[in-house]
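S.K.: Numbering (this note's numbering), first residue to last: 631 to 910.
Right, I'll just put the structure down here and ask away after.
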């Protein structure tokens, strides 16, 4: 065997020995500490609870539902602030049946209603009902990816049960009463005795009821429903809805004896001073 071959074999053995030593060095020595599960405890160790980093996936939910997808985001905290303010309006008799409306379409009332309902269902941990009371343009079912067979107008016009139109969702504690078919006389349906009886029944079954209605200045529906509830949250699109339009909506609601509980400003690009929130 040549000296070159011997040198190569020797180098290979030395390299293998170094690699083996490096692998041994990576293995930590046995710990002498007492396992945390056995400290001051008796009996078999218990599995530690797991905390989900994100909500379980629900197929088809609209990404604008930030209170579901990002429950701890700044946007969700604003909805949580609205919820807190609603509960503190009257400690002994806080509003439990709320209309969410706007002056006109396109201000974000439906998204506001759904996000508020979700945050209430998450935080209060009691049954919450979200009603799509916008018979003209029902959209709640689309945002939540629901497939209703019947809805509010069907219940008010046909002989069907309330149970047949209530849709449970995959969001804990949240139930939806969807909108439905177009009808020729929605205003008369909403002020019917059957509608009043419906509101009375659901008030006894749900902790909070959130009702998305048609815009105040579009039709009379919001005022009709609002006078049978605890009040209205009026949604206003920042830098878009004119003061005169808001004042007209306020006047319409005042004529129906509906109480405006507060205002929700949407599409805000800059921080809102705290004193504005204190008016809610």
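The beta carbon of each residue, even a glycine, is placed where N, CA and C say it ideally should be.
Going by the CB atoms, is the gap between residue 813 and residue 819 shorter than 8 Å?
M.R.: By 1-based counting over the chain shown, the position of residue 819 is 189. By 1-based counting over the chain shown, the position of residue 813 is 183. In this structure, residue 813 lies closer than 8 Å to residue 819 by Cβ.
S.K.: What is the DSSP secondary structure of residue 830, reduced to helix, strand or coil?
M.R.: Sequence index remark: in the chain shown, residue 830 carries index 200 (1-based). Reduced to three states, the DSSP call for residue 830 is helix.
S.K.: I'd like the span of the beta strand (DSSP E) that includes residue 860, first residue to last.
M.R.: For the purposes of this step, residue 860 is identified with residue 230 of the chain shown, where counting begins at 1. It is not in any beta strand (DSSP E) - residue 860 carries neither H nor E in the DSSP assignment.
S.K.: Taking 8 Å as the CB-CB limit, is residue 707 close to chain D?
M.R.: Here there is only one protein chain, and chain D is not present.
S.K.: To the nearest angstrom, report how far apart residue 854 and residue 735 are at their CA atoms.
M.R.: Within the chain shown, residue 854 is the residue found at index 224, counting from 1. Within the chain shown, residue 735 is the residue found at index 105, counting from 1. Answer to the nearest angstrom: the Cα atoms are 18 Å apart.
S.K.: If you follow the alpha helix (DSSP H) that residue 716 is in, where does it begin and where does it stop?
M.R.: Taking the first residue of the chain shown as 1, we reach residue 716 at position 86. Start and end: 704-718.
S.K.: Please state if the CB of residue 760 and the CB of residue 709 are separated by a distance shorter than 8 Å.
M.R.: Indexing the chain shown from 1 puts residue 709 at position 79. Indexing the chain shown from 1 puts residue 760 at position 130. Cβ distance not < 8 Å, so residue 709 and residue 760 don't count as in contact.
S.K.: Between the C-alpha atoms of residue 868 and residue 800, what's the straight-line distance to the nearest angstrom?
M.R.: For the purposes of this step, residue 868 is identified with residue 238 of the chain shown, where counting begins at 1. For the purposes of this step, residue 800 is identified with residue 170 of the chain shown, where counting begins at 1. One C-alpha to the other measures close to 32 Å.
S.K.: Between which two residues does the alpha helix (DSSP H) carrying residue 735 extend?
M.R.: If you number the chain shown from 1, residue 735 lands on position 105. For residue 735, no alpha helix (DSSP H) segment is defined, and its DSSP state is neither H nor E.
S.K.: Do the CB positions of residue 725 and residue 891 come within less than 8 Å of each other?
M.R.: Within the chain shown, residue 725 is the residue found at index 95, counting from 1. Within the chain shown, residue 891 is the residue found at index 261, counting from 1. For residue 725 and residue 891, yes; Cβs fall inside 8 Å.
S.K.: If residue 781 sits next to residue 841, beta carbons under 8 Å apart, how far is it from one beta carbon to the other, in whole angstroms?
M.R.: The residue you call residue 781 lines up with position 151 of the chain shown. The residue you call residue 841 lines up with position 211 of the chain shown. Actually they do not touch by this definition, with Cβ atoms about 13 Å apart.
S.K.: For residue 919, count neighbouring Cβ atoms within 10 angstroms of its own Cβ and tell me buried if that reaches 16, exposed if not.
M.R.: The displayed coordinates of the chain run from 631 to 910. Any statement about residue 919 would go beyond what the structure contains.
S.K.: Residue 809 and residue 728: beta carbons closer than 8 Å?
M.R.: Here residue 809 corresponds to residue number 179 of the chain shown, with the count starting at 1. Here residue 728 corresponds to residue number 98 of the chain shown, with the count starting at 1. Going by C-beta atoms, residue 809 is not nearer than 8 Å to residue 728.
S.K.: Taking all protein chains shown into account, do 16 or more other C-beta atoms lie within 10 angstroms of the C-beta of residue 624, making it buried, or fewer, making it exposed?
M.R.: Because the chain is modelled from 631 through 910, residue 624 falls outside the range shown and cannot be assessed.
S.K.: Consult DSSP for residue 805 and reduce its assignment to one of helix, strand or coil.
M.R.: Taking the chain shown and counting its residues from 1, one reaches residue 805 at position 175. Strand, per DSSP.
S.K.: Let me know the secondary structure DSSP gives residue 696 once reduced to three states.
M.R.: As a first step, residue 696 must be located in the chain shown, where it is residue number 66. Residue state, collapsed to three classes: helix.
S.K.: List in chain order: all unbroken alpha helix (DSSP H) runs of 4+ residues lying wholly within the region 779-804.
M.R.: Counting whole runs of 4 or more residues, the region 779-804 contains the alpha helix (DSSP H) stretches 782-787.
S.K.: What would DSSP say about residue 974, mapped onto helix, strand or coil?
M.R.: For residue 974 there is no data in the structure shown, the boundaries of the chain being 631 and 910.
S.K.: Which one of 856, 896 and 849 has the shortest CA to CA distance from residue 871?
M.R.: The sequence position of residue 871 within the chain shown is 241, counting from 1. When each option's Cα is compared against that of residue 871, the closest is 896.
S.K.: Should residue 835 be labelled buried (16 or more other beta-carbon atoms within 10 Å of its own) or exposed?
M.R.: Numbered from 1 along the chain shown, position 205 holds the residue referred to as residue 835. Answer is exposed; the Cβ neighbour count stays below 16.
S.K.: Let me check one thing: in DSSP terms, what residues is residue 762 bridge-paired to?
M.R.: The residue given as residue 762 occupies position 132 in the chain shown. Residue 762 is bridged to 842.
S.K.: What is the rounded straight-line gap between the Cα of residue 847 and the Cα of residue 702?
M.R.: Here residue 847 refers to the residue found at position 217 when the chain shown is read from its first residue. Here residue 702 refers to the residue found at position 72 when the chain shown is read from its first residue. About 34 Å.
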